[in-house]
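Contents: one structure, followed by commentary.
Structure representation (structure tokens):
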């Protein structure tokens, strides 16, 4: 639901506000893959490659494996 709002804000160039909304969502649910992907999308314009790589690693850890468990508990 917030992803649509974040996309609109980004389209308008309001990246800071979009990031704030995503960060608020992550504060409520650190395991939200959708929010992490939205944060990564916004970050593509702003951060260094090593930070992006670390965020991708965090997202991968949240994706369930074939046995239904995440790769690492947070």
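Numbering (the numbering used here), first residue to last: 23 to 96. Think of the CB as a built atom: it goes at the ideal place given N, C-alpha and C, for glycine as much as any other residue.
(1) Would a check of beta-carbon distances place residue 81 closer than 8 Å to chain C?
(2) Between the alpha carbons of residue 24 and residue 65, how many angstroms are there, rounded?
(3) Taking the alpha helix (DSSP H) that residue 58 belongs to, which residues open and close that run?
Once the coordinates are examined:
(1) In summary, chain C is missing from the structure at hand, where a single protein chain is found.
(2) By 1-based counting over the chain shown, the position of residue 24 is 2. By 1-based counting over the chain shown, the position of residue 65 is 43. Roughly 17 Å separates the two Cα atoms.
(3) Residue numbering aside, residue 58 sits at position 36 when the chain shown is read from its first letter. That run of the alpha helix (DSSP H) goes 55 to 65.
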